[in-house]
Amino acid sequence: MNAPRSQRGFTLVELMATLSVLTTLALIAVPSFAEMRQRAAVRGAAEATLSLWNEARMESIKRNRMVKVGVFVAADGGFCLGAATTDDPADETACDCSSADPIANACDVARFPSDAGGWRGVTLARASLGGGDAADPRPAVIEPMRTALSESADAGGIVLAGPGGPASLELALAVDRLGRGHLCEPLVAVDALPEYTERRCAQ
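Going left to right, the sequence shown walks through residues 104 to 306 as the working numbering numbers them.
The structure is reproduced here in structure tokens:
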């Protein structure tokens, strides 16, 4: 007759050691996951900003009209980006992109986002496009013949800051006087976005 096999389980020490290892791994992973979400949010917002700019340039050609693009800051501090046709090459009033059907000065070309949640926590850090700043943003006007800026002084950028979290991230839409827009990381950004290491700008 065979002797009964002894049943062996985990000791309390083994369970505590396993839990300690799992807790340590979780503490390492959570900040990394949070930073990954920050990066995704700021990249998505910046790419949408560049897309709106390029759409405005194409619409300027299609409509054979000047198109102004700028940041609109609402009374509650929220902000959006809008593009609208204009007849004034020195237009300094951003279109009202805060709603789809504003009372006046509608964005008849494009606007982003459709609601405040579209920013996913991203905020406006600085704005020099159109010669303004974050406190007094102004649009840049695109002329249809060459899709360049109607006034070279309108060249500048829109700098977006990532949502709160372990990293301090910034990404900018930079526009030159020829109307060409590209994404870059501001030189003053605290934490780096690896994919933009070679695309830095003085925004």
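Where is the CB? At the ideal position from N, CA and C, for every residue including glycine.
All figures in this text were calculated on a predicted structure; none of them were measured in a lab.
Among the options, which residue has its Cα nearest to the Cα of residue i?
| i | options | result |
| --- | --- | --- |
| residue 301 | 287, 294, 206, 291 | 287 |
| residue 213 | 258, 190, 173 | 173 |
| residue 308 | 267, 280, 160, 158 | For the chain, the structure presents residues 104 to 306; residue 308 sits outside this window and is missing. |
| residue 73 | 306, 284, 293 | In the structure as shown, the chain starts at 104 and stops at 306, and residue 73 therefore has no counterpart that could be examined. |
| residue 253 | 232, 216, 210 | 232 |
| residue 181 | 204, 292, 141, 199 | 199 |
By a C-beta neighbour count over all protein chains shown, 10 Å radius and 16 as the cutoff for buried, is residue i buried or exposed?
| i | result |
| --- | --- |
| residue 290 | exposed |
| residue 219 | exposed |
| residue 169 | buried |
| residue 135 | exposed |
| residue 114 | exposed |
| residue 278 | buried |
| residue 166 | exposed |
| residue 124 | exposed |
| residue 206 | exposed |
| residue 242 | buried |
What did DSSP end up calling residue i once you bin it into helix, strand or coil?
| i | result |
| --- | --- |
| residue 248 | coil |
| residue 146 | helix |
| residue 290 | coil |
| residue 215 | strand |
| residue 122 | helix |
With a threshold of 6 Å on Cβ separation, who are the neighbours of residue i within its own chain once the five nearest residues in sequence on each side are excluded?
| i | result |
| --- | --- |
| residue 229 | 237, 262 |
Report all residues from its chain with a CB closer than 8 Å to the CB of residue i; omit the five preceding and five following residues, and keep chain order.
| i | result |
| --- | --- |
| residue 248 | none |
Query - Segment contact, 8 Å Cβ cut-off, at least three pairs: the stretch 270-277 with the stretch 144-158 - result: Counting C-beta pairs with one atom in each stretch, the stretch 270-277 and the stretch 144-158 have three or more that are closer than 8 Å, which means they touch.
Query raised in the report: Is the stretch 110-124 touching the stretch 164-183, taking contact as three or more C-beta pairs under 8 Å?
Result: Taking 8 Å as the limit for Cβ pairs, the verdict is that the stretch 164-183 does not touch the stretch 110-124.
Query raised in the report: Do the stretch 196-211 and the stretch 243-257 touch if we need at least three Cβ pairs shorter than 8 Å?
Result: The stretch 196-211 makes no contact with the stretch 243-257, as fewer than three CB pairs between them are under 8 Å.
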